[in-house]
Each structure stands twice: as C-alpha cells, then as structure tokens.
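Asks: Letter 5 of the sequence shown, counting from 1, is numbered 5 in UniProt numbering, and no numbers are missing. For glycine and all other residues, C-beta sits at the position ideal for the given N, C-alpha and C.
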Amino acid sequence: MSDAIGPRDLADRPDWALSHVPVAPFVHPRSAVAPGIAPLDPADWFHVDEDHSGQMRLRDALIAHSPDWAFDTLPEGEAAAAELLEEILIHLGARPDYKVRADGRVRRPDGVEVDTRALPSMAAAGRLVQDDLLIMRKAEGEEEHRLVAGVLCFPAHWTLSEKIGKALLRIHMPVPEYAGDLSRRVQRFFDGVQPGRPLWRGNWHFAGRPDIVTPMREALKTAAGHDRLAENGDDAWLRVERQTVLRLPRSRAVVFGVRTMVSPAEAMSSEQWRGLHATLQALPEELAVRKVSPALRARAAAESGAESGAEPEAEVGAARRPTR
Numbered sequence: 001m002s003d004a005i006g007p008r009d010l011a012d013r014p015d016w017a018l019s020h021v022p023v024a025p026f027v028h029p030r031s032a033v034a035p036g037i038a039p040l041d042p043a044d045w046f047h048v049d050e051d052h053s054g055q056m057r058l059r060d061a062l063i064a065h066s067p068d069w070a071f072d073t074l075p076e077g078e079a080a081a082a083e084l085l086e087e088i089l090i091h092l093g094a095r096p097d098y099k100v101r102a103d104g105r106v107r108r109p110d111g112v113e114v115d116t117r118a119l120p121s122m123a124a125a126g127r128l129v130q131d132d133l134l135i136m137r138k139a140e141g142e143e144e145h146r147l148v149a150g151v152l153c154f155p156a157h158w159t160l161s162e163k164i165g166k167a168l169l170r171i172h173m174p175v176p177e178y179a180g181d182l183s184r185r186v187q188r189f190f191d192g193v194q195p196g197r198p199l200w201r202g203n204w205h206f207a208g209r210p211d212i213v214t215p216m217r218e219a220l221k222t223a224a225g226h227d228r229l230a231e232n233g234d235d236a237w238l239r240v241e242r243q244t245v246l247r248l249p250r251s252r253a254v255v256f257g258v259r260t261m262v263s264p265a266e267a268m269s270s271e272q273w274r275g276l277h278a279t280l281q282a283l284p285e286e287l288a289v290r291k292v293s294p295a296l297r298a299r300a301a302a303e304s305g306a307e308s309g310a311e312p313e314a315e316v317g318a319a320r321r322p323t324r
C-alpha cells in the first residue's frame, strides 16, 4: 500500500475532515452512477458530524471576509432566499443540537451564536449549516431552471460568480458527462420535485489533498482537464458531496444543497472498498481513470479479492442512511 494512503492521514487530517466515511455513494448500484436519486427523510435535511466545528469556522470566515465570493442573490431570487432561511429556522428549531430563539438568533452545535436578522438571507443560511445552498428558479416560459441565489463556501472547482444567473446546462459546462441525455434527465428531475418530498444523491471523487475550499474558473478547469491525477498522485482523500434537493412551498423555487465531506481514503471500510471496485468495473474506462488513481484502483481490487480471482460482488449493500 502506498504511503499516500497510510494510517498517518487519520491523525494528520484537518479539523474540517472526518475520521470515517459516513456516506459512500459507490457502495450501492443505484447511487453509484449519476443521477442516482433517492428519497430523503425531511428530518435528515442537514447532516452534522465531527467536522462541524472546523467547517463552520471556515464558513464564518469566508462569509465575513469574502462576501462577494461566498454568496450572492439576484433580485428575482430575494423572495426565495428569504423563504429558504425561514424553512431552515423551522427545521433547526425542531433539532436538539440547535437552539433557535424567537428574535432570530441561533446557537449552533459548536456553541457559536448567529444573529440571522443582521445578515442577508443567504449569508445567514450559510452560517447556520455546513451545506452550500443554491436556489434554482424556472420562470414562466423558460425551459431550464436558473441559479438565482446561493451561498458557496466549499466549491469543487467552480465559482458562484461565474455561474450565478445561468441555466442548468450552462452551469455544468465544461463537464462532458452532463451534456445530452443526463442534462435532460436532471431538468426533468428538477421539474418533478415536490414540496415536502425532498430527494438526495451522492457525488464523489478522490484527491491528493484534503482541501475543501477549491474554487476554479471555467477556463482553468478546461485547461487542467486530465492533469488531475498528475497533480493528485495517489489520491489519498475521498471527497463526497451529499446533495439534497427540495422545493420551497411558496416560491416554488428548488433548493440544491451540497454537504461536503472529506475523509482519508484509509478510513474506508472493507465494504466501501469493495463497492468502489464494483462501481469502477461498471464505469467506462475513460471515466474510471479520471475518478481514481491506479494505486487506489489496485487497493479496491485487492479488497474485493479480484487479484486472487474472486468474483467481485455486484451489490455490496445499501449506502448508510444519512444521519442528522
């Protein structure tokens, strides 16, 4: 096993990272490949874990010191942003780990108090929870939802300023897998989501570093393209996005949430390694190469018994239900 995915990563992880892998989309065929959508219990909208304090510290700093970069709201998104904050306060008020007061002040699980009435709606939302939150609105006569408001502290190689106001297909450029049938399926999915019936899916990739704040302009992302593995080496860290989708009841806007979880690859369970191997076997080779380094592919194969001729499992168990 490479030193890049050795036990030292469990001890050396930053405080915004986890010591375990609570959500692994690749352990179940249904969630392994996009769009991989499943129902979400409304009570499980937000996931709080051991990385809460570290991530919220970063979010507080980014929203306070880089407001032009971290959040934005177009005029047509103001009402939906205010409604989203209301929904978040109602949800957090029912949780034992948050304290929501009538004057709009909220005490988070890390003990920090946030005065939501002193902040713009998206900034307040971004300081209450670990999720990045993006509001999509489809106006009458439009074919696609557009991004009209958002708070984005932990981008995975994109920027809010470059995507705000854009439609779904344009937002996902330059991602080649999104063009064509997948983009149409995602738009139908956004059209069909109903109030009170949220959904979730998982996205994942490996990286050589545990960095969680990774903005990138489109031009640089296109130029970087397939150089990811050359930069990241043995891909010692797993980055999972627990993505939630719900429709606001009044504005009918769609809220896309992204809860980013960073864990050492070494923290994966045997079941998760086997699930990774099964998923990689099912992916087109070009996509598998972009997702995982040779060292990790070899480790996943070894955990599955593939090197000794054992047949990998087609299904290795359902993804663990996200917890609050």
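Are Gln202 and Arg242 close, meaning C-beta to C-beta below 8 angstroms?
Replies: Locating residue 202 in the sequence shown gives position 202, counting from the first residue. Locating residue 242 in the sequence shown gives position 242, counting from the first residue. Going by the sequence as given, residue 202 is Gly instead of Gln. In this structure, Arg242 lies closer than 8 angstroms to Gly202 by Cβ.
Asks: Using only CA atoms, which one of Trp200, Pro109, Arg170 lies nearest to Trp254?
Replies: If you number the sequence shown from 1, residue 254 lands on position 254. Residue identity check: residue 254 is Val in the sequence provided, not Trp. Among Trp200, Pro109, Arg170, the Cα nearest to that of Val254 belongs to Trp200.
Asks: CB Glu83 to CB Leu248, shorter than 8 angstroms?
Replies: Position 83 of the sequence shown, counted from the start, is the residue given in the question as residue 83. Position 248 of the sequence shown, counted from the start, is the residue given in the question as residue 248. Yes, the Cβ-Cβ distance between Glu83 and Leu248 is below 8 angstroms.
Asks: Check whether the stretch 127–134 and the stretch 51–65 touch, using three or more Cβ-Cβ pairs below 8 angstroms as the test.
Replies: Judged by Cβ distances under 8 angstroms, the stretch 127–134 makes contact with the stretch 51–65, as three or more pairs qualify.
Asks: Which of helix, strand or coil does DSSP assign to Gln187?
Replies: Reading the sequence shown from its first residue, position 187 is the one you call residue 187. Note: Gln187 maps to helix in three-state DSSP.
Asks: Counting only the same chain and skipping the five closest in sequence on each side, list residues whose C-beta sits under 7 angstroms from that of Ser19.
Replies: Here residue 19 refers to the residue found at position 19 of the sequence shown. Taken in chain order, the residues that qualify are Leu10, Arg13, Glu50, Ala267.
Asks: Measuring CB to CB, does Glu76 end up less than 8 angstroms from Val151?
Replies: Your numbering for residue 76 matches position 76 in the sequence shown. Your numbering for residue 151 matches position 151 in the sequence shown. Cβ distance not < 8 angstroms, so Glu76 and Val151 don't count as in contact.
Asks: Mind checking which residues open and close the alpha helix (DSSP H) that includes Val289?
Replies: In the sequence shown, the residue the question calls residue 289 occupies position 289. Per DSSP, Val289 belongs to the alpha helix (DSSP H) from 285–291.
Asks: Which same chain residues end up closer than 6 angstroms to Ala167 when comparing Cβ atoms and leaving out the 5 residues on each side of it in sequence?
Replies: Here residue 167 refers to the residue found at position 167 of the sequence shown. Same-chain partners within the cutoff: Glu144, Arg146.
Asks: Among His28, Ala24, Pro39, whose alpha-carbon lies nearest the alpha-carbon of Gln194?
Replies: Numbered from its first residue, the sequence shown carries residue 194 at position 194. Ranking His28, Ala24, Pro39 by Cα distance to Gln194 puts Pro39 first.
Asks: According to DSSP, is Leu169 part of a helix, a strand, or is it coil?
Replies: Here residue 169 refers to the residue found at position 169 when the sequence shown is read from its first residue. Correct three-state label for Leu169: helix.
Asks: Roughly how many whole angstroms lie between the Cα atoms of Thr116 and Leu85?
Replies: Here the question's residue 116 lines up with position 116 in the sequence shown. Here the question's residue 85 lines up with position 85 in the sequence shown. Approximately 9 angstroms, taken between the alpha carbons.
Asks: With a CB to CB cut of under 8 angstroms and the five nearest residues on each side skipped, what residues in its chain are close to Val21?
Replies: Numbered from its first residue, the sequence shown carries residue 21 at position 21. For Val21, where only same-chain residues beyond five positions count, the Cβ hits under 8 angstroms are Leu238, Val240, Met261, Ser263, Ala267, Met268, Ser269, Gln272.
Asks: Under 8 angstroms, Cβ to Cβ, is there at least one residue of chain D near Ala288?
Replies: You won't find chain D in this structure, because it holds only one protein chain.
Asks: Quick test of your reading: Val245 and Phe154, contact by CB under 8 angstroms. State the CB separation rounded to the nearest angstrom.
Replies: Looking up residue 245 in the sequence shown gives position 245. Looking up residue 154 in the sequence shown gives position 154. Going by Cβ atoms, the distance from Val245 to Phe154 rounds to 18 angstroms, so no, they are not a contact pair.
Asks: Taking the continuous alpha helix (DSSP H) assigned at His277, which residues delimit it?
Replies: Taking the sequence shown and counting its residues from 1, the one referred to as residue 277 is at position 277. Note, His277: alpha helix (DSSP H), 270–282.
Asks: Using three-state DSSP, classify Asp227 as helix, strand or coil.
Replies: Numbered from its first residue, the sequence shown carries residue 227 at position 227. Only weak support exists for where Asp227 lies, its pLDDT of 48 falling under 50; the value from the coordinates is given anyway. Of the three classes helix, strand and coil, the one that applies to Asp227 here is helix, per DSSP.
Asks: Given this structure, state the Cα-to-Cα distance separating Gly126 from Pro215, to the nearest angstrom.
Replies: The residue given as residue 126 occupies position 126 in the sequence shown. The residue given as residue 215 occupies position 215 in the sequence shown. Cα to Cα, Gly126 sits roughly 17 angstroms from Pro215.
Asks: Return the residue from the list Lys163, Arg209, Arg250, Phe256 that minimises the CA-CA distance to Ala219.
Replies: Numbered from its first residue, the sequence shown carries residue 219 at position 219. With distances taken between Cα atoms, Ala219 lies closest to Lys163.
Asks: Just reading off the beta strand (DSSP E) that Asp115 is part of, what are its end residues?
Replies: To locate residue 115, count along the sequence shown from 1; it is residue 115. Looking at the DSSP string, the run of the beta strand (DSSP E) that includes Asp115 is 113–115.
Asks: Which runs of the alpha helix (DSSP H) at least 4 residues long sit entirely within the stretch 59–129? Give them in chain order.
Replies: List check, alpha helix (DSSP H) in window: 67–70, 78–93, 121–128.
Asks: Ends of the beta strand (DSSP E) at Leu147?
Replies: Here residue 147 is taken as the residue at index 147 of the sequence shown, counted from 1. Here the beta strand (DSSP E) through Leu147 covers 146–151.
Asks: Go ahead and pull the three-state DSSP assignment for Arg57.
Replies: As a first step, residue 57 is located in the sequence shown; it is residue number 57 there, counting from the start. Three-state result, Arg57: helix.
Asks: Counting along the chain, where does the beta strand (DSSP E) carrying Glu241 start and finish?
Replies: To locate residue 241, count along the sequence shown from 1; it is residue 241. 237–247 is the span of the beta strand (DSSP E), which, as asked, contains Glu241.
Asks: Along the chain, where does the beta strand (DSSP E) containing Leu160 start, and where does it finish?
Replies: Position 160 of the sequence shown, counted from the start, is the residue given in the question as residue 160. Element bounds for Leu160: not the beta strand (DSSP E) but the alpha helix (DSSP H), 160–163.
Asks: With 16 as the cutoff for other CB atoms within 10 Å, does Trp198 come out buried or exposed?
Replies: For this step, residue 198 is matched to residue 198 along the sequence shown. According to the sequence provided, residue 198 is Pro. The question's Trp does not apply to it. Its Cβ being crowded by 16 or more others within 10 Å, Pro198 is buried.
Asks: Using the rule of at least 16 other Cβ atoms within 10 Å of the residue's Cβ for burial, across every protein chain shown, is Glu140 buried or exposed?
Replies: For the purposes of this step, residue 140 is taken as the residue at position 140 of the sequence shown. Label assigned to Glu140: exposed.
Asks: Within 10 angstroms of its Cβ, does Ala318 collect 16 or more other Cβ (buried), or is it exposed?
Replies: Your numbering for residue 318 matches position 318 in the sequence shown. Here Ala318 scores only 34 on pLDDT, less than 50, and its place in the model is too uncertain to base an answer on.
Asks: Return the CA-CA distance between His157 and Pro67, expressed in angstroms with no decimal places.
Replies: On the sequence shown, residue 157 is found 157 positions in, with the first residue counted as 1. On the sequence shown, residue 67 is found 67 positions in, with the first residue counted as 1. If I take the Cα positions, the gap works out to 18 angstroms.
Asks: Give the DSSP-derived three-state secondary structure of Ala207 in the structure shown.
Replies: Locating residue 207 in the sequence shown gives position 207, counting from the first residue. Residue state, collapsed to three classes: strand.
Asks: Buried or exposed: His65, going by 16 or more other Cβ atoms within 10 Å of its Cβ?
Replies: If you number the sequence shown from 1, residue 65 lands on position 65. It counts as exposed.
Asks: Please report how far the alpha carbon of Arg107 lies from the alpha carbon of Gln281, in whole angstroms.
Replies: Here residue 107 refers to the residue found at position 107 when the sequence shown is read from its first residue. Here residue 281 refers to the residue found at position 281 when the sequence shown is read from its first residue. One C-alpha to the other measures close to 46 angstroms.
Asks: Any idea what DSSP makes of Asp132, helix, strand or coil?
Replies: In the sequence shown, residue 132 corresponds to position 132, counting from 1. Of the three classes helix, strand and coil, the one that applies to Asp132 here is strand, per DSSP.
Asks: Smallest Cα separation from Val186: which of Thr159, Trp69, Met136?
Replies: For this step, residue 186 is matched to residue 186 along the sequence shown. For Val186, the nearest C-alpha among the options comes from Met136.
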